[in-house]
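Numbering (the numbering used here), first residue to last: 4 to 291.
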Amino acid sequence: MKSTLLKIEFTITEDLADEVGGFLTAKVAHGWEETPLEDGLKITLYLEDHALGRSIAKEFQARFQNAGVTCVEEEPEDWAMAWKDFFNPVTCGERFTIFPPWLNGNEDNGTTHIVIEPKMAFGTGHHPTTSLCLATIGSLAGSEAIKPGNTFLDLGTGSGILGIGLAKLGLKGVGLDNDPLAIPCAVENAGINGVAGSLELAVGTIDSLGEDVLFDVIVANILSGPLIEMASDLLAHIAEGGSLVLSGILADKQSDAVAAAYAKRGIGEPQRFIEGEWVCLVWERIGA
């Protein structure tokens, strides 16, 4: 018998969007649906782990008391059909477009296609930080800050989207995630996209790497706290002339702290690419 999914819904006012986004990013590994309302936003997310979902819902209701949180169990088939209803292709800058398998090939706008099989726990590319990172990666390729043959690390790879994008640009690298359930999803997506030979995937953290392992590009789309804590470790694995791309960072509330943690280690101030309330911090050609 297939397990049911826990559907969590609540409504918020527009002025709470940044705070709620930060809360959910810290609690939920995948994205959520935002539906505009006349007086705010309706947020919908699905979780397989019912105990975790109810705990998140309870904590959310305590923090945002007027949100009207509801939890309803639904069959997996209903969730799958819901994905097909609202999963549209996502264009990320001038280089990439993300498609689900059932829509791939229906559109050709001159971009590189990344096909992602929607999964409950690992993201589909609809979150702004993913789109922002892919757009930034495309820009770096356009300026030749990253080139075919370069090596990369995708830290917190999740569904593998960023690593797949880099591999499709002709790079070879490693995707790591500390969630063992994420890696089979990323392996599946790498195979669908024909880049399994260019993207090595494993369970692990930055501490899993040997001290002498260096990369031409490191991308980490995670959270601001871990990014600050890992500043020294990440920089230790950047090859001379390499580039660093960081996201999962709220532009107004977190970007300065993250930028300062890296700038004080001698790499200067980053470029900032902003989409909505999110920012992508980029250092190019470090030490060159």
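We put the beta carbon where it would ideally sit given N, CA and C, even for glycine.
With DSSP as the reference, label residue i as helix, strand or coil.
| i | result |
| --- | --- |
| Ala124 | Legend: pLDDT at Ala124 = 47, less than 50; position of this residue unreliable, value from coordinates given subsequently. DSSP places Ala124 in coil when its eight states are reduced to three. |
| Val75 | strand |
| His240 | coil |
| Ser246 | strand |
| Arg288 | strand |
| Pro229 | helix |
| Val23 | helix |
| Trp281 | strand |
| Pro151 | coil |
| Pro131 | helix |
| Gly145 | helix |
Out of the options, which has the shortest C-alpha to C-alpha gap to residue i?
| i | options | result |
| --- | --- | --- |
| Ile15 | Cys95, Phe102 and Glu37 | Glu37 |
| Ile231 | Asp42, Val118, Asn69 and Arg268 | Arg268 |
| Thr100 | Ile289, Asn91 and Ile117 | Ile117 |
| Thr160 | Thr132, Ser142, Gly145 and Ala148 | Thr132 |
| Leu249 | His240, Val261, Glu278 and Glu243 | Val261 |
| Ile270 | Trp286, Asp259, Lys256 and Gly178 | Trp286 |
| His53 | Leu9, Gly245 and Ala239 | Leu9 |
| Asp210 | Gly145, Leu238, Asn196 and Pro273 | Leu238 |
| Lys175 | Asn153, Lys256, Ile164 and Arg275 | Asn153 |
| Ser371 | Gly25, Phe63 and Gly141 | The first residue shown for the chain is 4 and the last is 291, placing residue 371 beyond what the model contains. |
| Ile289 | Val220, Glu12 and Leu226 | Val220 |
| Pro92 | Ser58, Ala264, Asp180 and His130 | His130 |
| Thr292 | Ala20, Tyr49, Glu41 and Thr28 | As displayed, the chain neither begins before 4 nor continues past 291, which places residue 292 out of reach and without an answer. |
| Leu27 | Lys61, Leu135 and Thr94 | Lys61 |
| Glu76 | Arg57, Thr94, Gln64 and Gln68 | Arg57 |
| Ala264 | Glu278, Ser235 and His240 | Ser235 |
| Gln274 | Phe218, Gly244, Leu202 and Leu143 | Leu143 |
From the DSSP output, read off the bridge partner residues of residue i.
| i | result |
| --- | --- |
| Thr139 | According to DSSP, which records beta bridges pairwise, Thr139 is partnered with nothing at all. |
| Leu106 | Paired residue(s): none; Leu106 is not in a bridge. |
| Thr38 | Lys45 |
Terminal residues of the continuous beta strand (DSSP E) containing residue i?
| i | result |
| --- | --- |
| Asn192 | Not the beta strand (DSSP E): Asn192 falls in the alpha helix (DSSP H), residues Ala185 to Ile195. |
| Leu174 | That residue, Leu174, is in no beta strand (DSSP E); it is neither H nor E in DSSP. |
| His116 | Thr115 to Val118 |
| Asp157 | Thr154 to Leu158 |
| Ile277 | Gln274 to Glu278 |
| Asp219 | Phe218 to Asn224 |
| Gly43 | Gly43 to Leu50 |
| Lys10 | Leu8 to Ile15 |
| Thr100 | Phe99 to Phe102 |
| Leu212 | Per DSSP, Leu212 belongs to no beta strand (DSSP E) and is neither H nor E. |
| Ala205 | Leu202 to Val206 |
Drop a sphere of 10 angstroms on the beta-carbon of residue i, count the other beta-carbons inside from all chains shown, and report buried for 16 or more, exposed for fewer.
| i | result |
| --- | --- |
| Asp157 | buried |
| Lys171 | buried |
| Ala291 | exposed |
| Pro121 | buried |
| Pro39 | exposed |
| Met4 | For Met4, the predicted model reports a pLDDT of 45, less than 50, meaning its position is unreliable; a value from the coordinates is still stated below. Exposed, since its Cβ has fewer than 16 Cβ neighbours within 10 Å. |
| Arg98 | buried |
| Val206 | exposed |
| Asn281 | Note that residue 281 is Trp in the sequence shown here, rather than Asn. Buried is the call here. |
| Ile167 | buried |
| Ile149 | buried |
| Val216 | exposed |
| Thr73 | exposed |
| Ala65 | exposed |
In the DSSP assignment, the alpha helix (DSSP H) including residue i goes from what residue to what residue?
| i | result |
| --- | --- |
| Lys61 | His53 to Arg66 |
| Val93 | First-last for Val93: Val93 to Cys95, but that is the beta strand (DSSP E), not the alpha helix (DSSP H). |
| Asp259 | Ser258 to Tyr265 |
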